[in-house]
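Everything on this sheet refers to the single structure shown next.
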Amino acid sequence: MMKKYDHKDIEKKWQDRWEEEGLYKTPNKVPGKDNYYTLVEFSYPSGNLHVGHWYAFSVPDMFARYKRMRGYNSLYPMGFDSFGLPAERAAILHGKNPKDWTYKNMEYMQNQLRSMGASFDWDRRVITSDPEYYRWTQWMFNQFYKNDLAYKANTKVNWCPTDKTILANEQVIDGKCDRCGTEVEQKDQEQWMLKITEFADALTDDLDGLDWNDAIKEAQRSWIGRSEGSEISFKLSSGDSVDVFTTRADTLFGVTYVVLAPEHPLVNKLLDQVENKQEVEKYIEETKKKSELDRQQAKEKTGVELKGITATNPAYRQAGLQNDEEVPVWIADYVLAGYGTGAVMAVPAHDERDFEFANKYGLPIKQVIALQIGERIINAKERLGVSAIIRNSQGKILVQQNEHQRGILHSLPGGGVEEGENVEEALIREIKEETGYTDLEIVFCKGAYEYNFNSPERGYDRKLTEFLYEVKLISDKNEGRHLTDKEKSIIKDDLWLDHNEAIKILKQSNNFCGYAEAILMERKNNYLDGILVNSGKFDGLTSQEAREKITEFVGGKMVKTYRLRDWGISRQRYWGCPIPIVYDPEGNAHAVPDEHLPWLLPEDVDHTPDGTAPLARSKELFERTEKIFGKGWKPEVETMDTFVDSSWYFYRYLDPKNEKEFCSTDSQKDFMPIDIYFGGAEHTTMHLLYSRFWVKALRKIGLTDINEPYTRRINRSLILGPDGNKMSKSKGNVIDPDEVVGFVGADTVRMYLAFIGPYGATSHYPWDPNGVVGIRRFIERFWKTTDFIVEDDTKSLDTLLHKTIKKVTDDIERYKFNTAISAIMIFINEVEKEKKISKEQYSTMVKLLSPLAPHVSEEIWREVLGNSKSVHLEDWPVYDESLIKEEEVNISVSVNGKSRSLVKVPFDSEEEFVLSVAKEDQNVSKWIDGKNIKKIIFVPNKIINIITD
RNA sequence: GCGCAGGUGUUGAAACUGGUAGACAAGCAUCCUUGAGGUGGAUGUGCCCUUACGGGUGUGGAGGUUCAAGUCCUCUCCUGCGCACCA
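Reading the first sequence from the start, the letters are residues 133 to 1081 in the numbering used here.
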C-alpha cells in the first residue's frame, strides 16, 4: 500500500527541485527544436494573488507545458506591469512611497506565483517600472516623436476629478473613469498624443488575417468605427460653404435643413450675420456647460436656427429644379464637432434623429426612399406605375375586385405614370379615374416593387417599377369613376376591408401586383435602404447605386471617417514612466537624447495628486535638466499612460538583458509573432488595440518586421464567487487561493479551474467548493491506482488508453481542458474496475496528466515509477491508430427514425449481417414484424435505420 | 437601434463532418462503511405513464429540409457583451 497523498510535502519539494534543476529555463535557440511562444497578460502588483490570476496563469501553463512535451522550445514568461495609479493610492493610504509599496508587493506575489507550479522562465522577468525597462519605453517614444507619430496638441481631454488625471478615450466607460467610476469631465488641455489614427485602416483590415474569434475582432472594428460615406459641400447665403459628412448621399433630395455642431468653427464667423445673435450665443453657452454624459443622455434634442442664413441644396441646383432649393441652417448639440465634419445634412424622412428634431421644430419632412421588394431587373426599359392604399375614416382599405380571363382578381387602385407627369400627380389622377375620390391626402410612399412587363403590345425587355402610396381620405366626396371601356369591363366591385383582410385577399389573388402590394403592406415603414423617389432623374435607382452617382453629380467626394481618436498618453501623476521631453527657453520641445536615457523618475516628489503634475515639484528633475541642457531649459513633468508600458513588453521577454537595443532583431525572429495570447476580455479595445498599434508603428520606423503581434488570441472568462456574483470584498464571496491551495493543493486548484468549462468560452463560472473537492478526490484516486501496477504487460486497457491519448491531445489543442480531464477520469474509472495496469500504460497516463497536475505527476513519475529525469522533459505520448479500433461496436437500431435498440457486432460489419442481428432483437422485431421493409439506411459502425410502410 | 456571442438536467457542462442527447463531475436520494463536523464505498437520478418489461416525451419557441436535427434553413423570444444623438 502506498503512502498517503500529501500535497504539501509533494508540491514544495518539486517546486524547489525544478528550480535547482533549471527545468523551465528556455533559451532563444535549441538545436533541432522549433520555438513556441505562449503569452499571458502580465499582472499588476496589487499585493495579492487572487483566483483570477490562478485562472489566467495556471491554465495557459498547461498549454505551454503540453507544447514543451510536443517537442517545442516552449516559452512561457512572466513579469509585472508595475507602474500605475493603485500604487499611488495605496501609498497615500499607508503613508508609503509608491515604489516601495510596488516592489514589496512584487516580491510577495512572486512567491505566490511560485506556489502555482507554473513553468515560468523567471530569468526573463520584465518589470515595467525598472529603469532598465522604461529606458526603452522612452527610447521608443522618442523614435515615435522623431517620426511624427507622437505630437503635443491642445485637445478636449477626459479628466477624472477623483484620480486627478487625463484619461484616454479607451479608459472612459459609459462616461465614467474605468478605475474609480467617477464621472469624467471634459477639459481643453495640451497633452501628448500618439497617432494611432494613422493606422486606423490597417488596424481594421488586418484583423481579417488573424486567428481570433469574431467577437473580439468585431469589438475592435466597432471601436475603430470606420464608416464610408461622402463629403458634400453646401453653399450658404453668407457666401461661405460648409462640408457635411453623410453615409446617405442617396437621400440628398430629402434634405430639408442643415445642422452645424455648436462648436463648428463657421458658427463664430456667421454670428455677426445672424438675426438672432443673442439666442444663438446663449445656446452655445448652454452647450458648453453640459458634460459629455449629459449630452449623450439628453432625452430631447435642442437647437437654434441661424436666422437669416440659408443653405443651397447642391442636388437641386445642379438638377435644375427650382423648388425647395434653399434650406434653413441650424445649430444643435446632437451634432458632434468631433465626428465627420461637424456638420450634417438633415433628412428627417430617413433618419430618426433628424425626424425627431424636425417634428419638434416644425421643419419639413420629405420622403425620398421607398422600400423595395423583389429582384431588380437589370437593363430593361422602364415604366413607372403607382398604386394606393386608400384608407377611409374608419381605417378600412379599398380593394378593387376585377374580372379577368384568369378569373376574379384583386388589386389596389392605380395605374401607369404618363409622359410629362410626376409620380404623385399620376397617383391622384389614377385614384380619381378608378374610384372617383378627390378629397385626399398623400401620407407616405410605402415602397416599390419591380416586375416584368413584357407582352406583344408593349414590347419586350420592359419592366414596371410600381410605387405604393398610403393615402388618407379626407372626406367621402366622390365624383364617380372615369373609366375607359376596357377598364369598365374589368373593374367590378369596391371592397372596404380591414388591414389584415386586405392583405389576405390580395395575397391570394392570382396576379403579381396584388401579391406584391400585400407583401409591401405587411412591412413596417422602413427608413433604410430602398429605392429612390422624389429625386428627379435618380428616381427608381436603389440606395446603393445612388450613393456614388449623386455624390459625383454634385461634385462631392467619397471619404472614410473613423470613430477612433489619437491616443492621449499624458498623465498628471507620479508613478509612471517620465515623458522624455525637455523644453528650451523658448518653449520648444526636444527629445531627451538617447545617451541620457533612462530619463529617471525623480524621487524627491510629494506625489499627492492635486491636478497638477507631481513632477513639477521635483527640484532634482529641474536641476538635472538645467545641468544637462542649459539654463532656462525645463523638463516635461507629465508621465505616460501605463498602457504604453504594456504595449511592447512581449518583445523584452525575448532579450531582457540587452543594454543596446530594446530587443535584438535576432531575438525577435526567434519568437515573434506570438503563437497564442491568453488574456482578459476587458483589454479588447485597450491593451490589445494599443499593442497592435505599437507594433505597426515600430514596423513603420523599421524596428520590427512583423505586422501583427498576436497570431491567436483567447479571451478567458471570469470566475465568479460561489453565489454566482462577481467576487468582491463587500459581498463577502471572495475565494482566497492561498487558503484553498493550503487545503487541497495547487494541482487540485489548477485542475479544478481547467475542468470548470472550456477556456475562452463566453460564459462565466461560479466557484464551486464541491467541485474542488471532486477534483481532489480524482487526484487521490489517480494516486491510489499506482497500487494496481503489475509487472506483466497486460493489454486489456490498450484500446481505451490510446483513445484517451487521442482525446486528451485533440482537446488540449482546442483549449478544451475540461474534456481532456474527463477523458483521463474515464480511464482511471476503468483502471479501478480492472484493478490491473501495466507499468508502461501507467507511465503514459502520468505523462498525460503531467501538464495538468505537474506536482503529483512528477512525484509518481520519479518516486513511484523510479525515473530519474523529470516527466516534464518527456515526449508527449503518441496514439496508435490500429489500437483505437474496437473489436466490437454497439450499433443503434432505429425503426422509422426512432431508436429502438442497440446491437453488438464486430467492427466494420456489413449491412446484411447487422440487419440480421437486428431482426433477431426482440425490441426491434416487435416493430417490424408483419410490416414491409421499404428501405434500410446503414452507416457502418454507427446506426441502422429500418424504414417500414 | 446596429453588431457579436450564447440559450441543452437541480448545477458546471458533454455530443468531431447531421446518426444511441445529457459523457465527466457536482448535487440529491437510498444503502453500506468510518476515528462525526468540507476529501471512504455501492446503487439510482431529464420529465411523464408503468410493480417490472417497456412506452411516450424532451436541447428557449414556431415552422421547414432529411430515413434521421441540439447540430442545417426561415421566422421569433430571451440573456450576456461591444458600439451608439457616429450623420
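Beta carbons: idealized from backbone N, C-alpha and C, even for Gly.
Separation of residue 353 and residue 1050 (C-alpha to C-alpha, rounded to the nearest whole angstrom) is 56 angstroms.
The beta carbons of residue 502 and residue 599 sit about 6 angstroms from each other, so the pair counts as a contact at 8 angstroms. With a cutoff of 9 angstroms on beta-carbon distance, residue 380 and residue 465 are scored as not near each other. The beta carbon of residue 1077 lies closer than 6 angstroms to those of 1026, 1069 in the same chain, with the five residues before and after it left out.
In the three-state reduction of the DSSP assignment, residue 397 falls in the helix class.
Per DSSP, reduced to three states, the secondary structure at residue 323 is strand.
Counting other Cβ atoms within 10 Å of its Cβ, residue 590 stays below 16 and is therefore classed as exposed. Boundaries of the alpha helix (DSSP H) harbouring residue 646: 644–654, taken from the DSSP string. Excluding sequence positions up to five before and after residue 913, its CB lies within less than 8 angstroms of the CB of 960, 964, all in the same chain and listed in chain order. Of the residues 522, 569, 979, 400, the one whose Cα lies closest to the Cα of residue 543 is 522. As a beta-bridge residue in DSSP terms, residue 1036 pairs with 1022.
Boundaries of the alpha helix (DSSP H) harbouring residue 186: 183–201, taken from the DSSP string. In its chain, beyond the 5 residues on either side, 258 have a beta carbon closer than 6 angstroms to the beta carbon of residue 781.
Within the stretch 722–772, the complete alpha helix (DSSP H) segments of 4 residues or longer fall at 751–761, listed in chain order.
Inclusion of residue 439 and residue 387 in the CB contact set at 9 angstroms is not warranted, their separation being larger than that value.
DSSP links residue 845 through a beta bridge to 809. Rounded to the nearest whole angstrom, the CA to CA distance from residue 744 to residue 776 is 21 angstroms. At the C-beta level, residue 174 and residue 1000 stay beyond 9 angstroms of one another. With a 10 Å radius around the Cβ and a threshold of 16 neighbouring Cβ atoms, residue 828 comes out buried.
DSSP, reduced to helix, strand and coil, places residue 574 within a strand of the structure shown.
Burial state of residue 896 is exposed, judged by a 10 Å Cβ sphere holding fewer than 16 other Cβ atoms. Residue 885 places its beta carbon less than 9 angstroms from that of residue 190. Note on residue 688: 16 or more other CB atoms within 10 angstroms of its CB, so buried under the neighbour-count rule. With contacts defined by Cβ atoms closer than 9 angstroms, residue 957 and residue 920 do not form a contacting pair. Closest by C-alpha distance to residue 918, out of 552, 728, 893, 966, is 966.
Residue pairing by DSSP places residue 285 opposite 323 in a beta bridge. Under the three-state reduction of DSSP output, residue 1081 falls in the coil class, being neither helix nor strand.
Two segments are said to touch when three or more pairs of C-beta atoms, one from each, lie closer than 8 angstroms; by this definition the stretch 755–769 touches the stretch 713–733. Here the alpha carbons of residue 864 and residue 798 stand approximately 50 angstroms from one another. The stretch 571–580 makes contact with the stretch 597–614: 3 or more CB pairs, one atom from each, lie closer than 8 angstroms.
Inclusion of residue 369 and residue 458 in the CB contact set at 9 angstroms is warranted, their separation being smaller than that value. For residue 297, the uninterrupted beta strand (DSSP E) run begins and ends at 297–299, by DSSP. The C-alpha of residue 1003 lies about 7 angstroms from the C-alpha of residue 989. Taking a contact as a CB-CB distance under 8 angstroms, the pair residue 461 and residue 376 does not count as one, their CB atoms being some 11 angstroms apart. Close CB contacts of residue 888 within its chain, under the 6 angstroms cut and outside five residues either way in sequence, are with 897 (chain order). Here the alpha carbons of residue 145 and residue 878 stand approximately 13 angstroms from one another.
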